[in-house]
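Here the sequence shown stands for residues 0 to 144, where the numbers follow numbering that gives the first Met the number 0.
Let me begin by presenting the structure, written as structure tokens, before commenting on it.
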Amino acid sequence: MMNLHELRRQHEEISLSARQLAQAITDDRQPQGVARLRWQLARQLIAHLALEDRILYPALQRAADPLTRERATLLQKETGALADRFSVYMAAWSDDRISSQWSDFCAETRLILTALSDRIDRENRALYPLADTAAADASRLARRA
């Protein structure tokens, strides 16, 4: 099982970057730091989602407990498209396009940040406690063996 403490720490880091970007887009004129904030969030998010989507979710979907497998599968279906959606968002908004379509960029950024916040909240409330339980169960089974 993955280091859940590290994943939780990454959620805090990503949330901070998302709040900073959300604050930056409240300005009617494009602040200089928007590109830096976007790319900072992108680096954090891409690395984090890769760990969750390629390691954590599959591990939980192989858990001994059928309820754990079912809940992990459902959560991934409900939140799993964020990586692709974020990649499309990043590719669609060049610095030039951001400058020329600032209000549209702000609107789309708010949507993506809302989806990100929702995923983090759901994982903190549902996925990580599920992973904690699965890790404890696996540890107990290993001690018995």
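Even glycine gets a Cβ: it sits at the ideal position worked out from N, Cα and C.
Item	Value
Does the beta-carbon distance from Leu-20 to Leu-36 come in below 7 angstroms?	yes
Spell out a yes or no on whether the region 76-83 and the region 108-125 are touching, meaning 3 or more CB-CB pairs, one atom from each, closer than 8 angstroms.	yes
Leaving out five residues on either side along the sequence, give the residues of the same chain with a beta carbon under 8 angstroms from the beta carbon of Arg-7.	Asn-123, Tyr-127
Return the chain-ordered ranges of every alpha helix (DSSP H) run that is complete within the region 26-103 and spans a minimum of 4 residues.	33-50, 56-60, 65-78, 81-91, 94-99
Around the C-beta of Ser-16, are 16 or more other C-beta atoms found within 10 angstroms, so that it is buried, or is it exposed?	buried
Hey, out of Ala-125, Ser-98, Tyr-88, whose CA is closest to Glu-107's CA?	Tyr-88
Please report the straight-line C-alpha distance between Asp-136 and Asp-52, rounded to a whole angstrom.	21 angstroms
In whole angstroms, what separates the C-alpha of Ala-91 from that of Ile-111?	13 angstroms
Could you work out which residue in Ala-62, Phe-85, Gln-43, Ile-54 is closest to Asn-2 when comparing CA atoms only?	Ile-54
Should Ile-45 go down as buried or exposed, given a rule of 16 or more other Cβ atoms within 10 Å for buried?	exposed
Out of Asp-95, Ser-14, Gln-75, Gln-60, which has the shortest C-alpha to C-alpha gap to Ala-133?	Gln-60
Taking the alpha carbon of Thr-72 as the reference point, which residue from Ala-125, Ser-86, Ser-99 has its own alpha carbon closest?	Ala-125
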